[in-house]
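Have a look at the structure below, then the notes.
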Amino acid sequence: MLPLPLALLPLLLLLLLLLLLRLSSSSPHVSFRWDLDAAENVLALRMVRMPPKEARLKTYLLSRPKGGNFDSLQEILAIFSAGVVQLGAPMRGVAIYRVLVVINPYSGRRHANQVWQSVAEMFSLAGIETDCHQTQHAGHARDILRECELSLYNGVIAVGGDGTANEVLTGLLENSLNLERGEGAPASPPFGIIAAGTDCTLAKFISSTDPLAAARAIIRGCEVRPMDLLQVQHGDEQRYSACGVGWGIPGHIARDSESLRKTFGVHRYTISLLKNLVHLNPVAGTVRIRPAIVDEEMKLKPCGPSCDICSLPMGEMAGDREEEETVSGKFLFVACLKADAIEDREDFLPVRAPGRWEESMRGEGKVGDGCLDAFLVEDLNLLDLAHLYLSMGPDGKHMDNGNFKHWKAKSVTIIPDDRSDHLNFDGEAGEGIGTTVSVLPRVCQVFFAQ
1 MLPLPLALLP LLLLLLLLLL LRLSSSSPHV SFRWDLDAAE NVLALRMVRM PPKEARLKTY
61 LLSRPKGGNF DSLQEILAIF SAGVVQLGAP MRGVAIYRVL VVINPYSGRR HANQVWQSVA
121 EMFSLAGIET DCHQTQHAGH ARDILRECEL SLYNGVIAVG GDGTANEVLT GLLENSLNLE
181 RGEGAPASPP FGIIAAGTDC TLAKFISSTD PLAAARAIIR GCEVRPMDLL QVQHGDEQRY
241 SACGVGWGIP GHIARDSESL RKTFGVHRYT ISLLKNLVHL NPVAGTVRIR PAIVDEEMKL
301 KPCGPSCDIC SLPMGEMAGD REEEETVSGK FLFVACLKAD AIEDREDFLP VRAPGRWEES
361 MRGEGKVGDG CLDAFLVEDL NLLDLAHLYL SMGPDGKHMD NGNFKHWKAK SVTIIPDDRS
421 DHLNFDGEAG EGIGTTVSVL PRVCQVFFAQ
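Next up, the structure:
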(Lines of atoms letter the chains of each structure in order from A and count residues from 1; the text may use other names and numbers.)
(Lines give C-alpha, C1' and ligand atoms only; values in the text may rest on other atoms or scores of the structure.)
Protein backbone atom coordinates (compact mmCIF):
# COMPACT_ATOMS: atom_id res chain seq x y z
CA MET A 1 0.00 0.00 0.00
CA LEU A 2 1.06 3.57 -0.59
CA PRO A 3 2.39 5.51 2.44
CA LEU A 4 -0.74 7.67 2.70
CA PRO A 5 -1.47 8.95 6.21
CA LEU A 6 -4.71 7.42 7.33
CA ALA A 7 -6.01 10.82 8.39
CA LEU A 8 -5.87 12.04 4.79
CA LEU A 9 -7.84 9.21 3.24
CA PRO A 10 -11.29 10.45 4.41
CA LEU A 11 -10.54 13.91 3.01
CA LEU A 12 -9.44 12.45 -0.29
CA LEU A 13 -12.53 10.28 -0.55
CA LEU A 14 -14.70 13.26 0.33
CA LEU A 15 -13.20 15.21 -2.57
CA LEU A 16 -14.00 12.35 -4.93
CA LEU A 17 -17.55 12.08 -3.57
CA LEU A 18 -18.13 15.80 -4.13
CA LEU A 19 -16.83 15.45 -7.67
CA LEU A 20 -19.16 12.51 -8.28
CA LEU A 21 -22.17 14.39 -6.94
CA ARG A 22 -21.42 17.42 -9.10
CA LEU A 23 -21.10 15.36 -12.26
CA SER A 24 -24.16 13.25 -11.56
CA SER A 25 -26.43 16.20 -10.75
CA SER A 26 -27.29 16.74 -14.44
CA SER A 27 -27.31 13.12 -15.60
CA PRO A 28 -29.73 10.34 -14.64
CA HIS A 29 -27.28 7.44 -14.98
CA VAL A 30 -23.75 7.33 -13.61
CA SER A 31 -21.61 4.25 -13.10
CA PHE A 32 -18.26 4.48 -11.37
CA ARG A 33 -15.32 2.46 -10.11
CA TRP A 34 -12.41 3.36 -7.89
CA ASP A 35 -9.30 1.34 -7.15
CA LEU A 36 -6.49 1.55 -4.61
CA ASP A 37 -3.19 0.03 -5.65
CA ALA A 38 0.53 0.37 -5.13
CA ALA A 39 1.24 1.50 -8.67
CA GLU A 40 1.47 5.01 -10.05
CA ASN A 41 -2.31 5.24 -10.48
CA VAL A 42 -3.71 5.64 -6.98
CA LEU A 43 -7.39 6.17 -7.61
CA ALA A 44 -9.43 5.75 -10.75
CA LEU A 45 -13.02 6.94 -11.14
CA ARG A 46 -14.94 5.92 -14.24
CA MET A 47 -18.26 7.50 -15.16
CA VAL A 48 -20.67 7.06 -18.03
CA ARG A 49 -23.02 10.01 -18.32
CA MET A 50 -26.27 9.44 -20.18
CA PRO A 51 -27.93 12.74 -21.15
CA PRO A 52 -31.02 12.43 -23.36
CA LYS A 53 -29.21 13.00 -26.68
CA GLU A 54 -25.70 11.64 -26.40
CA ALA A 55 -23.54 9.44 -24.21
CA ARG A 56 -20.35 10.68 -22.64
CA LEU A 57 -17.53 8.62 -21.25
CA LYS A 58 -15.22 10.16 -18.67
CA THR A 59 -12.34 8.60 -16.81
CA TYR A 60 -10.51 10.40 -14.01
CA LEU A 61 -7.10 9.33 -12.76
CA LEU A 62 -5.33 10.43 -9.61
CA SER A 63 -1.63 9.70 -10.09
CA ARG A 64 1.58 10.27 -8.20
CA PRO A 65 5.03 11.06 -9.63
CA LYS A 66 7.05 8.00 -10.53
CA GLY A 67 8.74 6.83 -7.36
CA GLY A 68 7.26 9.74 -5.40
CA ASN A 69 5.35 9.80 -2.12
CA PHE A 70 2.47 11.85 -0.74
CA ASP A 71 4.02 13.96 2.00
CA SER A 72 1.37 16.59 2.59
CA LEU A 73 -2.20 17.55 1.88
CA GLN A 74 -0.97 20.36 -0.38
CA GLU A 75 0.97 17.85 -2.48
CA ILE A 76 -2.05 15.57 -2.74
CA LEU A 77 -4.23 18.40 -4.00
CA ALA A 78 -1.56 19.50 -6.48
CA ILE A 79 -1.18 15.99 -7.83
CA PHE A 80 -4.95 15.60 -8.00
CA SER A 81 -5.23 18.79 -10.07
CA ALA A 82 -2.39 17.80 -12.40
CA GLY A 83 -3.31 14.14 -12.72
CA VAL A 84 -6.95 14.37 -13.77
CA VAL A 85 -7.26 13.04 -17.30
CA GLN A 86 -10.56 13.44 -19.11
CA LEU A 87 -11.23 10.90 -21.81
CA GLY A 88 -14.36 12.85 -22.50
CA ALA A 89 -16.21 14.49 -25.41
CA PRO A 90 -19.35 13.08 -26.99
CA MET A 91 -19.12 9.48 -28.15
CA ARG A 92 -19.66 9.31 -31.92
CA GLY A 93 -19.21 6.60 -34.53
CA VAL A 94 -19.40 3.14 -32.98
CA ALA A 95 -19.46 1.97 -29.37
CA ILE A 96 -16.17 0.21 -28.69
CA TYR A 97 -16.26 -2.81 -26.39
CA ARG A 98 -13.63 -5.23 -27.74
CA VAL A 99 -10.63 -4.55 -29.98
CA LEU A 100 -7.97 -6.71 -31.60
CA VAL A 101 -4.51 -5.24 -30.99
CA VAL A 102 -1.56 -6.24 -33.22
CA ILE A 103 1.82 -5.18 -31.80
CA ASN A 104 5.02 -5.25 -33.85
CA PRO A 105 7.81 -5.35 -31.22
CA TYR A 106 10.44 -4.70 -33.91
CA SER A 107 8.99 -1.38 -35.12
CA GLY A 108 11.11 1.76 -34.93
CA ARG A 109 13.24 1.77 -31.79
CA ARG A 110 11.67 -1.55 -30.77
CA HIS A 111 9.58 0.25 -28.16
CA ALA A 112 6.16 -0.87 -29.41
CA ASN A 113 5.45 -2.91 -26.27
CA GLN A 114 6.29 0.07 -24.05
CA VAL A 115 4.11 2.32 -26.21
CA TRP A 116 1.17 -0.07 -25.86
CA GLN A 117 1.65 -0.38 -22.09
CA SER A 118 1.50 3.41 -21.83
CA VAL A 119 -2.07 3.42 -23.19
CA ALA A 120 -3.38 -0.06 -22.27
CA GLU A 121 -4.71 1.11 -18.89
CA MET A 122 -6.82 3.74 -20.65
CA PHE A 123 -8.68 1.02 -22.53
CA SER A 124 -9.09 -1.00 -19.34
CA LEU A 125 -10.51 1.95 -17.42
CA ALA A 126 -12.92 2.63 -20.26
CA GLY A 127 -14.20 -0.95 -20.02
CA ILE A 128 -12.81 -1.97 -23.42
CA GLU A 129 -11.50 -5.52 -23.72
CA THR A 130 -8.22 -5.85 -25.65
CA ASP A 131 -7.07 -9.04 -27.38
CA CYS A 132 -3.33 -8.52 -27.97
CA HIS A 133 -1.13 -10.36 -30.47
CA GLN A 134 2.65 -9.98 -30.93
CA THR A 135 4.06 -10.36 -34.44
CA GLN A 136 6.94 -12.81 -34.79
CA HIS A 137 8.08 -12.30 -38.38
CA ALA A 138 7.44 -10.31 -41.56
CA GLY A 139 3.90 -10.89 -42.80
CA HIS A 140 2.68 -12.20 -39.43
CA ALA A 141 0.30 -9.27 -38.88
CA ARG A 142 -1.31 -10.01 -42.24
CA ASP A 143 -1.72 -13.67 -41.28
CA ILE A 144 -3.27 -12.77 -37.90
CA LEU A 145 -5.93 -10.58 -39.52
CA ARG A 146 -6.57 -12.94 -42.40
CA GLU A 147 -7.31 -15.87 -40.08
CA CYS A 148 -9.10 -14.20 -37.14
CA GLU A 149 -12.87 -14.08 -36.57
CA LEU A 150 -13.61 -10.41 -37.26
CA SER A 151 -17.16 -10.63 -35.92
CA LEU A 152 -15.71 -10.91 -32.39
CA TYR A 153 -14.31 -7.37 -32.56
CA ASN A 154 -15.60 -3.92 -33.29
CA GLY A 155 -12.17 -2.36 -33.69
CA VAL A 156 -8.68 -3.31 -34.87
CA ILE A 157 -5.58 -1.44 -33.69
CA ALA A 158 -2.05 -1.67 -35.09
CA VAL A 159 0.80 -0.70 -32.76
CA GLY A 160 3.79 -0.01 -34.99
CA GLY A 161 4.71 1.93 -38.11
CA ASP A 162 3.47 2.11 -41.68
CA GLY A 163 4.66 -1.40 -42.51
CA THR A 164 2.65 -2.87 -39.65
CA ALA A 165 -0.42 -0.83 -40.58
CA ASN A 166 -0.11 -1.94 -44.19
CA GLU A 167 0.02 -5.62 -43.19
CA VAL A 168 -2.99 -5.26 -40.89
CA LEU A 169 -5.07 -3.48 -43.54
CA THR A 170 -4.11 -6.07 -46.15
CA GLY A 171 -5.21 -8.86 -43.80
CA LEU A 172 -8.48 -7.03 -43.12
CA LEU A 173 -9.18 -6.77 -46.84
CA GLU A 174 -8.44 -10.41 -47.48
CA ASN A 175 -10.50 -11.55 -44.49
CA SER A 176 -13.63 -9.49 -44.97
CA LEU A 177 -13.68 -9.75 -48.79
CA ASN A 178 -14.37 -6.03 -49.02
CA LEU A 179 -13.01 -6.04 -52.54
CA GLU A 180 -16.00 -8.10 -53.68
CA ARG A 181 -18.63 -6.03 -51.87
CA GLY A 182 -18.55 -3.06 -54.24
CA GLU A 183 -20.81 -0.23 -53.18
CA GLY A 184 -21.93 0.01 -49.58
CA ALA A 185 -20.42 0.06 -46.12
CA PRO A 186 -17.36 -2.14 -45.59
CA ALA A 187 -17.89 -5.24 -43.49
CA SER A 188 -14.63 -5.08 -41.53
CA PRO A 189 -14.37 -3.41 -38.11
CA PRO A 190 -12.81 0.07 -38.10
CA PHE A 191 -9.03 0.34 -38.07
CA GLY A 192 -6.88 2.57 -35.88
CA ILE A 193 -3.15 3.00 -35.39
CA ILE A 194 -1.07 3.80 -32.33
CA ALA A 195 2.24 5.04 -33.70
CA ALA A 196 5.36 3.16 -32.61
CA GLY A 197 7.42 2.97 -35.81
CA THR A 198 10.21 4.90 -37.50
CA ASP A 199 7.82 6.79 -39.72
CA CYS A 200 4.08 6.84 -39.12
CA THR A 201 2.63 8.56 -42.16
CA LEU A 202 -0.77 6.90 -41.84
CA ALA A 203 -1.07 7.97 -38.19
CA LYS A 204 -0.46 11.58 -39.24
CA PHE A 205 -3.09 11.21 -41.95
CA ILE A 206 -6.00 9.80 -39.96
CA SER A 207 -5.21 10.52 -36.31
CA SER A 208 -2.06 11.47 -34.41
CA THR A 209 1.50 10.25 -33.86
CA ASP A 210 1.01 10.84 -30.13
CA PRO A 211 0.00 7.44 -28.69
CA LEU A 212 -2.07 9.01 -25.89
CA ALA A 213 -3.97 11.25 -28.31
CA ALA A 214 -4.60 8.38 -30.73
CA ALA A 215 -5.84 6.09 -27.94
CA ARG A 216 -8.06 8.83 -26.54
CA ALA A 217 -9.66 9.38 -29.95
CA ILE A 218 -10.50 5.69 -30.33
CA ILE A 219 -11.84 5.34 -26.78
CA ARG A 220 -14.08 8.37 -26.91
CA GLY A 221 -15.75 7.16 -30.11
CA CYS A 222 -14.28 9.41 -32.81
CA GLU A 223 -15.72 9.55 -36.30
CA VAL A 224 -15.59 6.28 -38.24
CA ARG A 225 -15.02 6.99 -41.90
CA PRO A 226 -14.60 4.86 -45.05
CA MET A 227 -11.09 5.16 -46.49
CA ASP A 228 -9.58 4.45 -49.89
CA LEU A 229 -6.61 2.15 -50.30
CA LEU A 230 -4.17 1.75 -53.17
CA GLN A 231 -4.01 -1.52 -55.05
CA VAL A 232 -0.51 -2.16 -56.36
CA GLN A 233 0.15 -4.63 -59.17
CA HIS A 234 3.91 -5.17 -58.89
CA GLY A 235 4.74 -7.53 -61.73
CA ASP A 236 2.81 -10.73 -60.95
CA GLU A 237 2.42 -9.81 -57.27
CA GLN A 238 -0.58 -7.91 -55.94
CA ARG A 239 -0.26 -5.87 -52.77
CA TYR A 240 -1.98 -2.94 -51.08
CA SER A 241 -0.77 0.40 -49.79
CA ALA A 242 -2.30 2.75 -47.25
CA CYS A 243 0.12 5.65 -47.79
CA GLY A 244 1.79 5.58 -51.17
CA VAL A 245 4.27 4.26 -53.70
CA GLY A 246 7.44 6.09 -54.71
CA TRP A 247 10.17 5.70 -57.32
CA GLY A 248 13.51 7.43 -57.79
CA ILE A 249 14.84 8.94 -54.58
CA PRO A 250 12.03 7.27 -52.57
CA GLY A 251 13.14 3.90 -53.93
CA HIS A 252 16.80 4.63 -53.18
CA ILE A 253 15.88 5.53 -49.59
CA ALA A 254 13.86 2.32 -49.11
CA ARG A 255 16.70 0.25 -50.59
CA ASP A 256 19.34 1.82 -48.33
CA SER A 257 17.31 1.99 -45.12
CA GLU A 258 17.61 -1.64 -44.06
CA SER A 259 21.42 -1.65 -44.39
CA LEU A 260 21.54 1.53 -42.27
CA ARG A 261 19.05 0.34 -39.62
CA LYS A 262 21.56 -1.11 -37.13
CA THR A 263 23.94 1.85 -37.35
CA PHE A 264 21.55 4.81 -37.50
CA GLY A 265 18.24 3.42 -36.23
CA VAL A 266 15.34 5.83 -36.69
CA HIS A 267 17.66 8.36 -38.37
CA ARG A 268 18.44 6.05 -41.28
CA TYR A 269 15.93 7.72 -43.61
CA THR A 270 17.52 11.13 -43.04
CA ILE A 271 21.03 9.74 -43.61
CA SER A 272 19.95 8.03 -46.83
CA LEU A 273 18.17 11.20 -47.96
CA LEU A 274 21.31 13.31 -47.46
CA LYS A 275 23.37 10.73 -49.33
CA ASN A 276 20.99 10.81 -52.29
CA LEU A 277 20.92 14.61 -52.32
CA VAL A 278 24.70 14.82 -52.49
CA HIS A 279 24.76 12.29 -55.33
CA LEU A 280 21.57 12.84 -57.32
CA ASN A 281 20.85 9.63 -59.19
CA PRO A 282 17.88 9.99 -61.55
CA VAL A 283 15.93 6.97 -62.77
CA ALA A 284 14.86 6.37 -66.35
CA GLY A 285 11.59 4.97 -67.63
CA THR A 286 7.99 5.76 -68.49
CA VAL A 287 5.09 6.96 -66.33
CA ARG A 288 1.48 6.66 -67.52
CA ILE A 289 -1.23 8.59 -65.65
CA ARG A 290 -5.01 8.15 -65.91
CA PRO A 291 -6.31 11.50 -64.61
CA ALA A 292 -9.45 11.85 -62.51
CA ILE A 293 -12.24 14.31 -63.19
CA VAL A 294 -12.54 16.46 -60.07
CA ASP A 295 -14.28 19.66 -59.04
CA GLU A 296 -11.51 22.27 -58.72
CA GLU A 297 -13.29 24.12 -55.90
CA MET A 298 -14.16 21.01 -53.91
CA LYS A 299 -10.66 19.52 -54.06
CA LEU A 300 -9.16 22.52 -52.24
CA LYS A 301 -11.38 22.04 -49.19
CA PRO A 302 -9.46 20.37 -46.35
CA CYS A 303 -10.42 16.85 -45.35
CA GLY A 304 -11.74 17.34 -41.83
CA PRO A 305 -14.69 16.05 -39.80
CA SER A 306 -17.77 15.36 -41.94
CA CYS A 307 -15.86 16.11 -45.16
CA ASP A 308 -18.27 16.96 -48.02
CA ILE A 309 -16.27 15.01 -50.59
CA CYS A 310 -15.68 11.91 -48.48
CA SER A 311 -19.40 11.73 -47.64
CA LEU A 312 -20.53 11.76 -51.28
CA PRO A 313 -22.35 8.61 -52.46
CA MET A 314 -20.14 6.18 -54.38
CA GLY A 315 -21.90 7.04 -57.65
CA GLU A 316 -21.04 10.73 -57.30
CA MET A 317 -17.32 10.28 -56.68
CA ALA A 318 -14.71 11.56 -59.12
CA GLY A 319 -14.74 9.88 -62.51
CA ASP A 320 -11.79 9.24 -64.78
CA ARG A 321 -10.82 10.42 -68.22
CA GLU A 322 -10.52 7.95 -71.06
CA GLU A 323 -7.17 9.21 -72.33
CA GLU A 324 -3.91 8.57 -70.50
CA GLU A 325 -1.01 10.96 -70.18
CA THR A 326 2.44 9.51 -70.79
CA VAL A 327 5.75 10.98 -69.64
CA SER A 328 9.06 9.34 -70.57
CA GLY A 329 12.60 10.29 -69.63
CA LYS A 330 14.66 10.68 -66.47
CA PHE A 331 13.11 11.52 -63.10
CA LEU A 332 14.37 12.46 -59.66
CA PHE A 333 11.22 11.11 -58.09
CA VAL A 334 7.72 9.90 -58.82
CA ALA A 335 5.20 9.51 -56.00
CA CYS A 336 1.64 8.16 -55.89
CA LEU A 337 0.21 9.26 -52.54
CA LYS A 338 -3.08 8.75 -50.75
CA ALA A 339 -2.22 10.78 -47.64
CA ASP A 340 -2.53 14.55 -47.21
CA ALA A 341 -2.04 15.61 -43.58
CA ILE A 342 1.61 14.57 -43.43
CA GLU A 343 4.09 16.56 -41.39
CA ASP A 344 7.16 14.80 -42.79
CA ARG A 345 7.30 13.39 -46.31
CA GLU A 346 10.98 12.46 -46.31
CA ASP A 347 10.20 8.92 -47.46
CA PHE A 348 8.79 10.25 -50.73
CA LEU A 349 10.29 13.68 -51.42
CA PRO A 350 13.73 14.66 -52.71
CA VAL A 351 13.99 17.14 -49.87
CA ARG A 352 12.44 17.28 -46.44
CA ALA A 353 10.06 20.15 -46.93
CA PRO A 354 7.74 20.71 -43.99
CA GLY A 355 5.98 24.04 -44.22
CA ARG A 356 6.48 24.83 -47.89
CA TRP A 357 5.33 21.45 -49.16
CA GLU A 358 2.50 21.36 -46.65
CA GLU A 359 1.24 24.78 -47.66
CA SER A 360 1.58 24.09 -51.38
CA MET A 361 -0.44 20.85 -51.28
CA ARG A 362 -2.74 21.41 -48.29
CA GLY A 363 -6.28 20.23 -48.85
CA GLU A 364 -5.49 18.12 -51.94
CA GLY A 365 -5.62 14.63 -50.42
CA LYS A 366 -8.88 13.19 -49.10
CA VAL A 367 -9.50 10.02 -47.10
CA GLY A 368 -12.32 8.74 -49.29
CA ASP A 369 -12.49 10.74 -52.54
CA GLY A 370 -11.56 7.84 -54.82
CA CYS A 371 -8.42 9.59 -56.11
CA LEU A 372 -4.68 9.53 -55.55
CA ASP A 373 -2.19 12.38 -55.88
CA ALA A 374 0.55 11.76 -58.45
CA PHE A 375 3.70 13.91 -58.25
CA LEU A 376 6.61 13.92 -60.67
CA VAL A 377 9.90 15.82 -60.70
CA GLU A 378 12.07 15.42 -63.77
CA ASP A 379 15.87 15.26 -63.74
CA LEU A 380 17.33 18.41 -62.12
CA ASN A 381 20.67 19.49 -60.76
CA LEU A 382 20.92 20.37 -57.09
CA LEU A 383 20.70 24.13 -57.72
CA ASP A 384 17.49 23.83 -59.75
CA LEU A 385 16.07 21.44 -57.16
CA ALA A 386 16.74 23.99 -54.42
CA HIS A 387 15.05 26.67 -56.53
CA LEU A 388 11.99 24.43 -56.94
CA TYR A 389 11.83 23.86 -53.19
CA LEU A 390 12.05 27.58 -52.43
CA SER A 391 9.20 28.28 -54.87
CA MET A 392 6.83 25.93 -53.04
CA GLY A 393 4.03 27.67 -51.21
CA PRO A 394 0.29 28.36 -51.15
CA ASP A 395 0.65 30.79 -54.08
CA GLY A 396 1.36 27.82 -56.37
CA LYS A 397 4.46 29.26 -58.07
CA HIS A 398 6.02 25.81 -58.19
CA MET A 399 3.21 24.71 -60.50
CA ASP A 400 4.71 26.98 -63.18
CA ASN A 401 7.95 25.03 -63.02
CA GLY A 402 7.93 22.70 -66.03
CA ASN A 403 9.94 20.10 -64.13
CA PHE A 404 7.24 19.64 -61.48
CA LYS A 405 3.94 17.97 -62.33
CA HIS A 406 0.89 17.04 -60.27
CA TRP A 407 -2.24 15.11 -61.16
CA LYS A 408 -5.38 13.96 -59.40
CA ALA A 409 -5.46 10.44 -60.77
CA LYS A 410 -7.34 7.15 -60.70
CA SER A 411 -4.28 5.07 -61.59
CA VAL A 412 -0.57 5.42 -62.39
CA THR A 413 1.70 2.94 -64.16
CA ILE A 414 5.47 3.10 -63.61
CA ILE A 415 7.73 1.25 -66.07
CA PRO A 416 11.42 1.44 -65.04
CA ASP A 417 14.13 0.87 -67.65
CA ASP A 418 16.42 -0.71 -65.03
CA ARG A 419 15.29 -3.39 -62.58
CA SER A 420 17.82 -2.10 -60.01
CA ASP A 421 15.88 1.19 -59.70
CA HIS A 422 13.80 0.08 -56.72
CA LEU A 423 10.30 1.26 -55.79
CA ASN A 424 9.13 2.26 -52.33
CA PHE A 425 5.94 0.61 -51.02
CA ASP A 426 5.01 2.23 -47.69
CA GLY A 427 8.70 2.34 -46.79
CA GLU A 428 9.49 -1.18 -48.08
CA ALA A 429 11.76 -1.65 -51.13
CA GLY A 430 10.56 -3.51 -54.23
CA GLU A 431 12.27 -4.49 -57.46
CA GLY A 432 12.16 -1.97 -60.31
CA ILE A 433 9.66 -3.71 -62.60
CA GLY A 434 6.42 -2.56 -64.21
CA THR A 435 3.98 -1.47 -61.49
CA THR A 436 0.42 -0.14 -61.64
CA VAL A 437 -1.06 1.79 -58.72
CA SER A 438 -4.86 2.22 -58.68
CA VAL A 439 -7.44 3.40 -56.16
CA LEU A 440 -9.80 1.06 -54.33
CA PRO A 441 -12.51 3.45 -53.13
CA ARG A 442 -13.73 3.13 -49.55
CA VAL A 443 -12.77 -0.48 -48.94
CA CYS A 444 -11.98 -0.11 -45.23
CA GLN A 445 -13.12 1.92 -42.24
CA VAL A 446 -10.84 3.97 -40.00
CA PHE A 447 -11.07 5.83 -36.71
CA PHE A 448 -10.69 9.37 -38.09
CA ALA A 449 -9.68 12.10 -35.65
CA GLN A 450 -8.05 14.89 -37.67
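For the sequence shown, position 107 matches number 107 in full-length UniProt numbering, and the numbering has no gaps at all.
Where a beta carbon is used, it is the ideal one built from N, C-alpha and C, also for glycine.
Small disclaimer: the values here were computed from a predicted structure and weren't measured.
Taking C-beta atoms as the reference points, Asp143 and Gly197 fail to come closer than 8 angstroms. Assignment of beta-bridge partners to Tyr97 by DSSP yields no partner. Distance from the CA atom of Asp421 to the CA atom of Glu129, rounded to whole angstroms, is 46 angstroms. In this chain, Ala138 is not harboured by any alpha helix (DSSP H), its DSSP state being neither H nor E.
In this structure Gly248 touches Val334 by the C-beta definition: roughly 6 angstroms separates them, less than 8 angstroms. Here the stretch 434-445 lies against the stretch 218-232, with 3 or more beta-carbon pairs under 8 angstroms apart. Taking one beta carbon from each stretch, the stretch 148-155 and the stretch 409-428 have fewer than 3 pairs nearer than 8 angstroms; the two do not touch. The C-alpha of Ile193 lies about 37 angstroms from the C-alpha of His387. Below 8 angstroms, too few C-beta pairs join the stretch 202-216 and the stretch 231-238 to call them touching: fewer than three. Val159 sits away from Ala213, with the two beta carbons spaced by 8 angstroms or more. For Ser208, the secondary structure class from DSSP, reduced to helix, strand or coil, is coil. The continuous beta strand (DSSP E) containing Val245 extends over residues 244-248. Note that the C-beta distance between Ala165 and Ala242 is below 8 angstroms.
Using a 10 angstroms sphere on the CB of Gly432, the tally of other CB atoms reaches 16 or more, which defines it as buried. Here DSSP, grouped into helix, strand and coil, assigns Glu428 to strand. Between Ile219 and Ile96 a beta carbon distance of about 7 angstroms is seen, short of the 8 angstroms cut, so the two are scored as contacting. Counting along the chain, the unbroken alpha helix (DSSP H) around Glu174 starts and ends at 162-176. Inter-residue distance for Gln114 and Phe404 is about 42 angstroms (C-alpha atoms, whole angstroms). Setting aside the 5 residues that flank it on each side, Ser438 is surrounded in the same chain by Gln231, Ser411, each with a C-beta closer than 6 angstroms to its C-beta; the list follows chain order. Out of Gly368, Val99, Asp379, Phe191, the CA that lies nearest to the CA of Leu277 is found in Asp379. Beta-bridge partners of Tyr240 (DSSP): Gln231.
Residue environment analysis places Ser188 among the buried positions, since at least 16 neighbouring C-beta atoms fall within 10 angstroms of its C-beta.
The continuous alpha helix (DSSP H) containing Ser124 extends over residues 112-125. Excluding residues up to 5 positions away in sequence, Ile103, Pro105 lie with their Cβ nearer than 7 angstroms to the Cβ of Gln134 in the same chain. When only Cα atoms are considered, Cys371 and Leu337 end up about 9 angstroms apart.
Residues of the same chain with a CB within less than 6 angstroms of the CB of Ala429, apart from the 5 flanking positions on each side, are Ala254, Arg255, His422 in chain order.
For Arg442, there is no enclosing alpha helix (DSSP H); the enclosing beta strand (DSSP E) has its first and last residue at 435-448. Between Arg239 and Thr170, the beta carbon gap of about 7 angstroms places them in contact (Cβ cut-off 8 angstroms). With a 10 Å radius around the Cβ and a threshold of 16 neighbouring Cβ atoms, Arg419 comes out exposed. When DSSP states are grouped into helix, strand and coil, His422 belongs to the coil group. Residue pairing of Gly285 in beta bridges, as defined by DSSP: Gly329, Pro416.
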